[in-house]
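Trainee: In our numbering, the protein residues as written are 2 to 280.
1. Out of 119, 79, 140, state which residue places its alpha-carbon closest to the alpha-carbon of residue 127.
2. Report the CB separation of residue 149 from residue 107 in whole angstroms; it is logged as a contact under 8 Å.
3. Look at the Cβ atom of residue 193, then the Cβ atom of residue 100, and state whether they are nearer than 9 Å.
4. Can you tell me whether residue 142 is helix, strand or coil according to DSSP?
5. So, with DSSP's three-state summary, where would you put residue 105?
6. So, is residue 163 buried or exposed, given that buried needs 16 or more other C-beta atoms within 10 angstroms?
7. Distance, Cα to Cα, residue 37 vs residue 75?
8. Looking only at its own chain, which residues have a Cβ that is under 6 Å from the Cβ of residue 94, when we skip the five neighbours before and after it?
9. If you run the structure through DSSP and keep just helix, strand and coil, what is residue 266?
10. Looking at residue 335: is its Cβ nearer than 9 Å to the Cβ of residue 47?
11. Check this for me: beta carbons of residue 229 and residue 175, under 9 Å apart or not?
12. Give me, in chain order, the residues of the same chain whose beta-carbon lies closer than 7 Å to that of residue 273; leave out the 5 immediate sequence neighbours on both sides.
13. With DSSP as the reference, label residue 87 as helix, strand or coil.
14. Alpha carbon to alpha carbon, what distance is there between residue 105 and residue 145?
15. Identify which residue in 227, 64, 54, 239 has its Cα closest to the Cα of residue 275.
16. With which residues is residue 251 paired in a DSSP beta bridge?
17. For residue 266, does the count of other Cβ atoms within 10 angstroms reach 16, so buried, or fall short, so exposed?
18. Which whole-angstrom value describes the C-beta separation of residue 85 and residue 143, a residue pair presumed to lie in contact below a C-beta threshold of 8 Å?
19. Hey, residue 68 and residue 250 are a contact pair by Cβ (cut 8 Å); roughly how many whole angstroms apart?
20. Terminal residues of the continuous beta strand (DSSP E) containing residue 245?
21. Among 159, 242, 197, whose alpha-carbon lies nearest the alpha-carbon of residue 178?
22. Looking only at its chain, what residues have a beta carbon closer than 6 Å to the beta carbon of residue 92, apart from the 5 residues adjacent to it on each side?
23. Rounded to whole angstroms, how far is the Cβ of residue 236 from the Cβ of residue 216, which I believe are closer than 8 Å?
24. Quick check: what's the CA-CA separation for residue 113 versus residue 225?
25. Measure the C-alpha to C-alpha separation of residue 151 and residue 212 and round it to an integer number of angstroms.
26. Please work out which residues of its chain come closer than 7 Å, Cβ to Cβ, to residue 42, disregarding the five sequence neighbours upstream and downstream, and give them in chain order.
27. If I'm right that residue 80 touches residue 165 with Cβ under 8 Å, what's the distance once you round it to whole angstroms?
28. Taking buried to mean at least 16 other C-beta atoms within 10 Å of its own C-beta, is residue 115 buried or exposed?
29. Using the three-state DSSP reduction, which class does residue 75 fall into: helix, strand or coil?
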C-alpha cells in the first residue's frame, strides 16, 4: 500500500480505526480476489454511477471480459456471468466489514483492474473489481446491510438489463447466490459458519426483498473416506439462479446449479468433497 493510500485509509477509519483497518487487512489476506481500499476517492477510481453508465467504458469492458470463461457467449450470458462476478466481489468486500466488525460501508469508488492470482500452484492473470470504501457506521441489524447492498446493485442490474436484455429477476437471483456464497466463505474464515449462513438467510428469506428466494439454501454434504474411514463434511450453498454456462459451447451445469435434480447435485458434491479431502 502506498503512503497516500495509508494516509487516506487512516483518515477514513478514524471513527473505527481498529475495526476498519483490521478487517481491511484480513480481507486482503483471506480474499484477495476482491480488491478493497479505504478512504475518500482518488483519481484511480470512478464513482459506481460513472462506471456503470450506459455510455461508459466500464460496462462494456466488464461484459467483454466474460468471453475468457467460455466461447459462443451471448450478451445475456455475459451479463449473467458479470452480475455474478460483481455481486460476489461486492459481497466479499461489504460482507467482511459487516460480519467482521458490525460495520456498514459505502462504495465511493470503483475500478476494474488487472490482477494476478495463484491457482493450483501457478500464477493466473485476470481482472478483479476494486472498491474504495468510505462512511463506516455501525450496522443497525442485518436490514441496514441489506438496504445498502440492494441500493448499490439496483442501478447496476437496471443498466445490464437495458444493455443485454437479461431480466432483473434472473440477475437478482444470481446476486442472492453470490451473497450467500460469500457470507458462507467469510463465516468459515472467521470461524463462525453458522453466523455467516444465518445472516445471509435473514436477507434472502425476507419477503419483499429483491434478493428473496425460496430455492436458495445451505446443505451439509457428508461422506466417509474409504481409505482412511474418516468422515468428511462441508456446508455448500445451493443456488437459486443460473449463470447460463450450460448454454455456451462445451458448457455444463455447475455442481450447485438450481437446474440439477437434488440427488444429482448431491452426488456431484460428494465427489467434490472426496476429491478435496473435506476442504
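We treat Cβ as the ideally placed atom computed from N, Cα and C, and that holds for glycine.
Mentor: Put simply:
1. With distances taken between Cα atoms, residue 127 lies closest to 119.
2. Rounded, the Cβ-Cβ distance is 7 Å, consistent with contact.
3. In this structure, residue 193 places its C-beta atom within 9 Å of the C-beta atom of residue 100.
4. In the structure shown, residue 142 sits in coil (DSSP, three-state: anything other than H, G, I, E or B).
5. In the three-state reduction of the DSSP assignment, residue 105 falls in the strand class, which pools E and B.
6. Flag for residue 163 reads exposed.
7. Between residue 37 and residue 75, the C-alpha separation is close to 30 Å.
8. Taken in chain order, the residues that qualify are 35, 37, 132.
9. DSSP, reduced to helix, strand and coil, places residue 266 within a helical segment of the structure shown.
10. Residue numbering for the chain in the displayed model covers 2 to 280; residue 335 lies beyond these limits and cannot be assessed.
11. When the beta-carbon positions are compared, residue 229 and residue 175 stay at least 9 Å from each other.
12. 256.
13. Helix at residue 87.
14. Looking at the two C-alpha atoms, the distance is approximately 8 Å.
15. The shortest CA-to-CA distance from residue 275 to any of 227, 64, 54, 239 is the one to 227.
16. According to the DSSP secondary-structure assignment, residue 251 is paired through a beta bridge with no residue.
17. For residue 266, the number of other beta carbons within 10 angstroms of its own is at least 16, and it is reported as buried.
18. Residue 85 to residue 143, Cβ: 22 Å. No contact.
19. Contact between residue 68 and residue 250 fails: their C-beta atoms lie close to 12 Å from each other, not under 8 Å.
20. Bounds of any beta strand (DSSP E) do not take in residue 245, whose DSSP letter is neither H nor E.
21. Minimum Cα distance to residue 178 is reached at 242.
22. The residues are 179, 180, 183.
23. About 17 Å separates the CB atoms of residue 236 and residue 216; that is not less than 8 Å, and the two are not in contact.
24. If you take the alpha carbons of residue 113 and residue 225, they lie about 42 Å apart.
25. Rounded to whole angstroms, residue 151 and residue 212 show a C-alpha spacing of 8 Å.
26. Taken in chain order, the residues that qualify are 109, 110, 133.
27. Going by Cβ atoms, the distance from residue 80 to residue 165 rounds to 4 Å, so yes, they are a contact pair.
28. Exposed is the call here.
29. Residue state for residue 75 is assigned as coil, using DSSP reduced to three classes.
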